[in-house]
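Q:
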Amino acid sequence: MNTAQLKLQQSIEVKVQPRYLPEHSNEELAEYTFAYTVRIANNSEQSVQLLARHWIITDGNNTIREVEGEGVVGQQPDIMPGESYSYSSGAILSTKTGTMEGSYKMRSFEGVDFNAIIEPFGLVHPNSLQ
Numbered sequence: 000m001n002t003a004q005l006k007l008q009q010s011i012e013v014k015v016q017p018r019y020l021p022e023h024s025n026e027e028l029a030e031y032t033f034a035y036t037v038r039i040a041n042n043s044e045q046s047v048q049l050l051a052r053h054w055i056i057t058d059g060n061n062t063i064r065e066v067e068g069e070g071v072v073g074q075q076p077d078i079m080p081g082e083s084y085s086y087s088s089g090a091i092l093s094t095k096t097g098t099m100e101g102s103y104k105m106r107s108f109e110g111v112d113f114n115a116i117i118e119p120f121g122l123v124h125p126n127s128l129q
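For the record, in the sequence shown the residue sitting at position 43 is 42 according to numbering that gives the first Met the number 0, with numbers rising by one throughout.
(1) Is it the case that the Cβ atoms of L5 and S43 are separated by a distance below 7 Å?
(2) What would DSSP say about P17, mapped onto helix, strand or coil?
(3) Considering only DSSP beta bridges, list what A115 is partnered with.
(4) Check this for me: beta carbons of L20 and A34, under 7 Å apart or not?
(5) Please list, in chain order, all residues of the same chain as R119 whose beta carbon is under 8 Å from its beta carbon, the five residues on each side excluded.
(6) Which same chain residues, not among the five before or five after R106, have their C-beta less than 7 Å away from its C-beta?
(7) Residues in the same chain with beta-carbon distance under 8 Å from G121, minus the five sequence neighbours each way, listed in chain order, please.
(8) Just how far apart, CA to CA, sit V71 and Y86?
(9) Is it buried or exposed, H23, if we count other Cβ atoms within 10 angstroms and call 16 or more buried?
(10) A29 and I56 - do their beta-carbons sit closer together than 7 Å?
(11) Give the secondary structure of I78 by DSSP, where H, G and I count as helix, E and B as strand, and everything else as coil.
(12) DSSP on E149, reduced to helix/strand/coil?
(13) Can you list, in chain order, the residues of its chain with a C-beta nearer than 6 Å to that of V15? Leave out the 5 residues immediately preceding and following it.
(14) Starting from L28, trace the beta strand (DSSP E) both ways and give me its first and last residue.
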């Protein structure tokens, strides 16, 4: 990773707010539905575009599922300096707890490709004993 990529990577802040959705879950079938809202803040001096996503989803049995694709929720948003972009999505687990983490492939308007890191966060059923 070169200096420009590192500087851009450190200037993108990703925050995630997960929540359990009991109304969309079926505990008898071991389907636990979680929603999450992501806020991506561009603290750099350059405009950037989110090109792709890579999620690593781990359930309570340590079963790992990876999800990759273009953009997020059908969009490849441009994020201007000092601005942020938010979206909501979801995941279904077969256990009451799990984690998600990953990265976004980003590109500055100057053509520098880099990854914005999504730090691990928990998906936790409110009644789980962990």
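Beta carbons: idealized from backbone N, C-alpha and C, even for Gly.
A: The relevant details are as follows:
(1) No, the pair does not count as a contact, with Cβ atoms beyond the cut-off.
(2) Assigned with DSSP and collapsed to three states, P17 falls in strand.
(3) A115 is bridged to Y103.
(4) With a cutoff of 7 Å on beta-carbon distance, L20 and A34 are scored as near each other.
(5) Here the sequence assigns Pro to residue 119, which means Arg is not the residue at that position. So the qualifying residues of the chain are T98, M99 and E100.
(6) Exclusion of the five residues before and after R106 leaves V47, Q48, L50 and D112 as the residues of its chain whose Cβ lies within less than 7 Å of its Cβ.
(7) Once the five neighbours on either side are set aside, the close Cβ partners of G121 are P17, T96, G97 and T98.
(8) Cα-Cα distance, rounded: 8 Å.
(9) H23 should be labelled exposed.
(10) No Cβ-Cβ contact shorter than 7 Å links I56 with A29.
(11) Secondary structure of I78 (DSSP, three-state): strand.
(12) In the structure displayed, the chain extends from 0 to 129; residue 149 sits before or after that span and is not available.
(13) The residues are Y35, V37 and F120.
(14) Segment: none, L28 is in no beta strand (DSSP E) and carries neither H nor E.
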